[in-house]
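Mapping the sequence shown onto my numbering, position 121 (from 1) lands on 297, and the numbers just tick up by one. Idealized CB from N, CA, C, for every residue including glycine.
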Amino acid sequence: MEVLEAIKTRRSIRRYKTTPVDDKTLEIVLEAARWAPSWTNTQCWRFIVVRDGNVKAELANALSENNAATDAIRNAPITIVACAELGKSGFRHGEQSTDKGDWYMFDVGLAMQNLVLVAHSLGLGTVHVGAFDAKKAASILEVPEGFCVVSMTPLGYPDQEPKPRLRKELSEIVFYDKYGVK
Ligand SMILES: Cc1cc2nc3c(=O)[nH]c(=O)nc-3n(C[C@H](O)[C@H](O)[C@H](O)COP(=O)(O)O)c2cc1C
177 MEVLEAIKTR
187 RSIRRYKTTP
197 VDDKTLEIVL
207 EAARWAPSWT
217 NTQCWRFIVV
227 RDGNVKAELA
237 NALSENNAAT
247 DAIRNAPITI
257 VACAELGKSG
267 FRHGEQSTDK
277 GDWYMFDVGL
287 AMQNLVLVAH
297 SLGLGTVHVG
307 AFDAKKAASI
317 LEVPEGFCVV
327 SMTPLGYPDQ
337 EPKPRLRKEL
347 SEIVFYDKYG
357 VK
């Protein structure tokens, strides 16, 4: 699938078939994340592939109340949880390089977007999930000190075909030469 087509046709998928995802396919999806760019190539990301039904159920319980992705985390064949090593991205010799602090959210976001796009190109569904108790998720997954849980996504074959959600027009979000100049 061509990149722009993948970007434009990907949808957040919240209903999944029970069809399993084979290891080879999973590896391709993880490879896409692995090849994302990162701050001075620090690659602060770590990925936990969860297939165990009990662990998925515990993670689903860590989602925010009424989170639309709760059943997807519980029922999809796989949940991939993205973690980050803290104090690496955005740092040079242990000092913050910018006024934005730790850039792990940015790097993990890039990796996860690579992952979801390639998953989509293979006919798989995903949804970025960010609204959950990350400390609770870290405890469930025994994530060590110095790392945190950033996001997760179910991974499996879609059992729905959602309509595209509207996007702002370019005229609303693009400026030329100075902020606000159209
Ligand atoms: C950082 C981030 C966090 C998100 N968290 C959740 C979430 O907790 N639950 C959920 O159902 N969807 C979540 N979403 C999915 C968005 O709602 C979805 O991407 C948006 O509505 C656009 O729809 P689309 O992905 O189908 O284009 C999240 C998306 C992003 C990028």
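| query | result |
| --- | --- |
| From the DSSP secondary-structure annotation, give me the bridge partner or partners of C259. | R222, V325 |
| So what's V305 in DSSP terms, helix, strand or just coil? | strand |
| Is the number of C-beta pairs between the region 278-296 and the region 211-223 that are closer than 8 Å three or more? | yes |
| Does ligand 1 have even one heavy atom less than 6 Å from the beta-carbon of A245? | yes |
| Roughly how many whole angstroms lie between the Cα atoms of I349 and L342? | 14 Å |
| Comparing the CB of V179 with every heavy atom of ligand 1, is any distance shorter than 6 Å? | no |
| Return the residue from the list Y192, R186, E234, A295 that minimises the CA-CA distance to E318. | E234 |
| With a threshold of 6 Å, establish whether the CB of V257 neighbours any heavy atom of ligand 1. | no |
| I need the boundaries of the alpha helix (DSSP H) containing D353, first residue and last residue. | Unbroken run through D353: none, as it is neither H nor E. |
| Taking its Cβ as the centre, do 16 or more other Cβ atoms sit within 10 Å of A307, making it buried, or is it exposed? | exposed |
| Can you list, in chain order, the residues of its chain whose CB lies under 8 Å from that of V322, leaving out five sequence neighbours each side? | Residue 322 is actually Gly in this sequence, not Val. Around G322: E261, L262, G263. |
| At a threshold of 6 Å, does S297 count as lining ligand 1 (C-beta to nearest heavy atom)? | no |
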